[in-house]
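These notes are about the structure you will find just below.
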Amino acid sequence: MAVPFKIYNTRTRKLEDFEPIEAGKIRLYACGNTVYDHCHIGHARGMILFDSFVRYLRHRGWDIDFVRNFTDVDDKIICRANELGEDPLALSARFIGEYRADAAAMGLDTPNKEPKVSDSMEDILGMIGSLIDKGHAYQNEGSVWFDVGSYSDYGSLSGQKVDELRSADEVAGKRSPADFALWKAVKPGEPSWPSPWGDGRPGWHIECSAMAKATLGDTVDIHGGGLDLVFPHHENEVAQSVCGNKADYARVWMHHGLLTMASGQKMGKSFGNVINVKVALEQFPAETLRLYYLQNQYRSPLPWGDEALPEALAMLSRLYEAREVAEAMGGEEPAANVAKSMGADALKLLELGESFPERFYAAMDQDFNTALAIAHLMELSRAINRFGNLKKANKRGGPVVAPALKAFALVTETIGLMRMTSAEFHADVKGKRLAAMGIEAAKIEKLIEDRGTARAEKNWARADEIREDLEAKSILVMDLADGVQWRVKL
RNA sequence: GGUGCCAUGGCCAAGUGGUAAGGCAAUGGUCUGCAAAACCAUGUAUCCCCGGUUCAAAUCCGGGUGGCACCUCCA
Numbered sequence: 386m387a388v389p390f391k392i393y394n395t396r397t398r399k400l401e402d403f404e405p406i407e408a409g410k411i412r413l414y415a416c417g418n419t420v421y422d423h424c425h426i427g428h429a430r431g432m433i434l435f436d437s438f439v440r441y442l443r444h445r446g447w448d449i450d451f452v453r454n455f456t457d458v459d460d461k462i463i464c465r466a467n468e469l470g471e472d473p474l475a476l477s478a479r480f481i482g483e484y485r486a487d488a489a490a491m492g493l494d495t496p497n498k499e500p501k502v503s504d505s506m507e508d509i510l511g512m513i514g515s516l517i518d519k520g521h522a523y524q525n526e527g528s529v530w531f532d533v534g535s536y537s538d539y540g541s542l543s544g545q546k547v548d549e550l551r552s553a554d555e556v557a558g559k560r561s562p563a564d565f566a567l568w569k570a571v572k573p574g575e576p577s578w579p580s581p582w583g584d585g586r587p588g589w590h591i592e593c594s595a596m597a598k599a600t601l602g603d604t605v606d607i608h609g610g611g612l613d614l615v616f617p618h619h620e621n622e623v624a625q626s627v628c629g630n631k632a633d634y635a636r637v638w639m640h641h642g643l644l645t646m647a648s649g650q651k652m653g654k655s656f657g658n659v660i661n662v663k664v665a666l667e668q669f670p671a672e673t674l675r676l677y678y679l680q681n682q683y684r685s686p687l688p689w690g691d692e693a694l695p696e697a698l699a700m701l702s703r704l705y706e707a708r709e710v711a712e713a714m715g716g717e718e719p720a721a722n723v724a725k726s727m728g729a730d731a732l733k734l735l736e737l738g739e740s741f742p743e744r745f746y747a748a749m750d751q752d753f754n755t756a757l758a759i760a761h762l763m764e765l766s767r768a769i770n771r772f773g774n775l776k777k778a779n780k781r782g783g784p785v786v787a788p789a790l791k792a793f794a795l796v797t798e799t800i801g802l803m804r805m806t807s808a809e810f811h812a813d814v815k816g817k818r819l820a821a822m823g824i825e826a827a828k829i830e831k832l833i834e835d836r837g838t839a840r841a842e843k844n845w846a847r848a849d850e851i852r853e854d855l856e857a858k859s860i861l862v863m864d865l866a867d868g869v870q871w872r873v874k875l
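Take 386 as the starting number for the first sequence in this note's numbering and just add one per residue.
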């Protein structure tokens, strides 16, 4: 059975109980990328967020049909292709490949369907034709425009009033400045498709309306995207779909906040201040990004700074270490008995572990409060470590820590964190951080070996000298009971 | 000009009626040959300001100040 949850609806500006069109099913459409460049970390926020939400809701019993499109026919693509002397469709195909590589590197599940504009021309033409037939669109010299005046509810999603908009540039052939293109007449050197109104290509907004209809039907349960798409993109989609289908378009509009720079300025390609996903992933494990995004309320703007990823990595590291501590524990006695005999820390851990799912679900069901969910996990981690300090914990603690380990597994399944083993995690961190700093692992290993020799000879001065030398390189050496380990300082 | 969002300790940040999660950083302690990790302790938080509603407000209402976003491509 699908479990109910609350979700904030941009359309009503309220937190609502989610009500599906069809019991247990969610038709979800997320606006994907216009593929003319690599994904940047702003795109990554949306990608990771929707991936996490879908995973979570599936875990909660929802049957989700998740559609995310690729916009592969667009002004920007054509523009970039011309700059590079590349065929526009070849360029977009190339960046779809890059997108998929980035998505895979971030550990995202592939949506159920990933329609492309170039494959959806029939759907698009059908929708435009329908809008003309119904009197909501008009053609002029090979282009087709949506007649905003024909739709009285225009602006209901974004709260905009047509009269109050800053008048956009007057384009020849439009009846009103607010009208927008459904079909653009072909221009020399641009890709085009045949249509009843002459060769051309789709306008910016129609493709999503058409692809959503083709893949999910007239009405979707949830339509999502970045906050910057509310107007005009989503507003125009609503107009097209409602007028074309004579049906509601999206019951819930879900918009995530944007990344901003520390300066407060928005991150955007037009500002030239983007950081590509590939660059971030060269330096940090992919889950670092995921944790960073999940740690923040998805609707809030997120200021990006140099400390963002290192901090998230420090948190992630705590989680992995705590789980490692928990996994090392053994024992066969009933948990309650062990906890009782080992005292308050054990009882506390048992209690936190057992109540975790309830608290985790409560947070997530409240408009995906991933920040609170993760806070619960951090709290649990501290309880594990504290318990782990007890003398007999390793030998007898297994049953007490078992619920906590289940909690970690729950988090892994639902929001995709902690998917590596600890060994994989540490190796990933080392490899990436070392590469980022331009240090060779072999040189470090050699120094650590030398230090081991010095220590064996109780030459503490020499050992400390090497430690300091390594520390200057951001390498931490740890003398553990079962040998020497080293980590890259975060 | 229009529309919308936001303002919580040094920093990031959750919390929408019952007196404040979590993380990062900092300081002291335990542990350690020295460290690291971990744990413990430490932050008197005017929850931007003023007024109102209420037994009770960070949380609701009104006003103010400051910041941001969209209205042009942008996730």
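Glycine included, C-beta positions come from ideal geometry on N, C-alpha and C.
The alpha-carbon separation between A490 and V664 amounts to approximately 12 Å.
A distance below 7 Å between beta-carbons, with the five flanking residues on each side excluded, links L434 to the following residues of its chain, in chain order: H641, Y678, Y683. Approximately 6 Å separates the beta-carbon atoms of V862 and V869; this is inside 8 Å, confirming the contact.
Around the beta carbon of K817, 16 or more other beta carbons lie within 10 angstroms, which makes this residue buried. DSSP, read as helix, strand or coil, puts I426 in helix.
Distance from the CA atom of E622 to the CA atom of H590, rounded to whole angstroms, is 6 Å. Buried is the label assigned to E672, since at least 16 other Cβ atoms lie within 10 Å of its Cβ.
By a beta-carbon distance limit of 8 Å, I607 contacts L413. Their separation comes to about 5 Å.
DSSP, read as helix, strand or coil, puts Y523 in strand. Along the length of the region 713–753, whole beta strand (DSSP E) runs at least 3 residues long do not occur. Here DSSP, grouped into helix, strand and coil, assigns D613 to helix. Straight across, the Cα-Cα distance linking I800 with D436 is about 8 Å.
Secondary structure note for D835: its alpha helix (DSSP H) is the uninterrupted segment 826–841. Looking at the DSSP output, H641 bridges to G611. Burial of D752 is indicated by the presence of at least 16 other C-beta atoms within 10 angstroms of its C-beta. A distance of 9 Å or more separates the beta carbons of N661 and H811. Counting other Cβ atoms within 10 Å of its Cβ, W568 reaches 16 or more and is therefore classed as buried.
Between N394 and F451, the beta carbon gap of about 18 Å keeps them out of contact (Cβ cut-off 8 Å).
At the C-beta level, R465 and D422 come within 9 Å of one another. In the displayed model, Q680 falls within coil according to three-state DSSP, outside both helix and strand. Between the C-alpha atoms of M727 and G782 there is a straight-line separation of about 9 Å. Residue environment for D564: buried (at least 16 other C-beta atoms within 10 angstroms of its C-beta). Straight-line spacing of the CA atoms in V547 and R560 works out to 13 Å.
Under DSSP, the beta-bridge partners assigned to Q870 are M863.
Just measuring C-alpha positions, the residue of A820, P500, R852 sitting nearest Q668 is A820.
A check of alpha carbon separations from V785 across L795, L734, E809 identifies L734 as the nearest. Rounded to the nearest whole angstrom, the C-alpha separation of E407 and A632 is 16 Å. With respect to the C-alpha of G583, the residue from S626, S594, L510 having the closest C-alpha is L510.
In this structure, P686 is the residue among L550, P686, G492, G602 with its C-alpha nearest to the C-alpha of G611. Its chain contains G558, A570 as the residues whose beta carbon lies nearer than 7 Å to that of E526, once the 5 sequence neighbours on both sides are disregarded; these appear in chain order. Contact check between the region 748–764 and the region 691–698: fewer than three CB pairs, one atom from each, fall below 8 Å, which does not count as touching. Residue range 585–587 is occupied by the beta strand (DSSP E) that includes G585. Measuring C-alpha to C-alpha distances from L795 to each of A808, D813, N779, A758 identifies A758 as the nearest. Beta-bridge pairing by DSSP links I411 to I449. Y421 sits in coil when the DSSP states are folded into three classes, being neither helix nor strand. 9 Å or more divides the Cβ of N770 from the Cβ of A857.
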